[in-house]
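The structure under discussion appears below in the form of structure tokens.
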Amino acid sequence: MIGVMTAFMLICLYPFWYVVVGSFNSGSGYMRGGVLFWPRCFSLENYQVVMVDSRLWIGFRVTIARTIVGTVFHLAFTSMVAYAMSRDDLPCRKGIYWYCMLTMFFGGGLIPFYLLLKTLGLLNSFWVYIIPGMFSVYNMIIISNYFRGVAEEIHESAVMDGASEFIIYSRLYLPLSKPVLATVTLWVGVGQWNSFFDTMVYTTDRNLQTLQLFLYKMIKTSEFTSKAEMGGLPAELVSNISTTTVRYATIVVSTIPILCIYPFLQRFLTKGIMLGSLKG
């Protein structure tokens with residue numbers, strides 16, 4: 020059984036290893052084939068080409084900004100709604116709950132949503148990445164269930180001391196809910212980092228292009244880096260690269276940040292999901 024699982028693990032890991040190996044191989048050497056487990060002609064030329072592409076740095080800047088701002092806004096707004104929904108004394112609580120549930124199964128579609136964003140003036144704006152994603156019914160339910168598991172005596176004692184609902188939410192419930200909040204942060208952060216469809220549909224401004232849309236164009240089209248964006252690299256270097264190896268280098272560069280952050284939040288993932296789904 021251990022042998023089977025080890026073989027399965029290696030099968031899953033090999034595509035990632037192949038991309039890394041290809042990114043460190045010269046384009047001309049890679050095109051000759053036979054690059055399977057180790058670079059035949061070790062080279063950093065692909066990374067040189069990637070690093071001088073201005074679209075990469077624009078994508079990094081926009082993606083990092085939307086990931087940080089979008090995650091903070093989503094967590095703040097969704098957790099406030101979750102706190103309200105966790106209180107049994109909220110007026111019309113059941114009606115609001117089922118109204119929210121309805122939106123999980125029925126939507127207006129892409130065209131009405133596009134027209135709504137146009138009416139609100141969000142097209143070709145950085146806020147088109149933030150405002151539509153500030154609330155998630157699913158995440159609200161997870162956080163709300165966790166809040167309902169907090170001892171009611173804590174809320175009652177805070178009310179007796181004269182604390183407002185916002186003070187109770189921000190100073191008592193949030194510090195006691197770090198596992199579920201870390202879990203939702205991980206979900207939203209990875210979702211923001213990997214998003215490219217909203218950029219493709221709702222923006223045309225080059226300065227709003229995300230890293231993942233840049234990567235999508237690199238993989239799906241034959242275009243990678245234009246001569247104007249190569250920053251005057253030597254001709255012999257440009258002639259020694261290939262579209263495929265440059266794509267591999269771009270994939271590796273775009274994956275590194277999320278790989279560095281994920282291990283710090285991963286330990287909260289299973290714990291947060293279980294607590295958020297069972298409590299209440």
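In terms of the working numbering, the sequence shown opens at residue 20 and continues consecutively.
C-beta atoms are modelled at their ideal positions from N, C-alpha and C, and glycine is treated no differently.
- DSSP, read as helix, strand or coil, puts Phe61 in strand.
- Fewer than three Cβ pairs drawn from the stretch 30-47 and the stretch 193-208 lie within less than 8 angstroms of each other, which leaves the two stretches out of contact.
- Ser73 places its beta carbon 8 angstroms or farther from that of Ser163.
- By alpha-carbon distance to Ile115, the top candidate from Leu141, Met28, Ile160, Ser183 is Ile160.
- DSSP, read as helix, strand or coil, puts Asn143 in coil.
- Within the model, the alpha-carbon separation for Lys236 versus Ile270 is close to 12 angstroms.
- Only exposed fits Thr223, as fewer than 16 other CB atoms lie within 10 angstroms of its CB.
- Taking Val68 as reference, the option from Leu55, Gly46, Ile173 with the minimal CA-CA separation is Gly46.
- Counting along the chain, the unbroken alpha helix (DSSP H) around Val40 starts and ends at 21-42.
- Exposed is the label assigned to Asn226, since fewer than 16 other Cβ atoms lie within 10 Å of its Cβ.
- Following the DSSP letters along the chain, one finds Tyr116 inside the alpha helix (DSSP H) bounded by residues 112-124.
- When DSSP states are grouped into helix, strand and coil, Gly210 belongs to the helix group.
- A distance below 7 angstroms between beta-carbons, with the five flanking residues on each side excluded, links Gln228 to the following residues of its chain, in chain order: Arg74, Ile77, Gly78, Val81, Thr218.
- Taking the Cβ atoms as the reference, Ser176 lies roughly 26 angstroms from Thr97, outside the contact range of under 8 angstroms.
- Taking the Cβ atoms as the reference, Thr264 lies roughly 5 angstroms from Asn65, within the contact range of under 8 angstroms.
- CA-to-CA, the gap between Ile280 and Gly210 works out to about 14 angstroms.
- Rounded to the nearest whole angstrom, the CA to CA distance from Phe283 to Pro151 is 27 angstroms.
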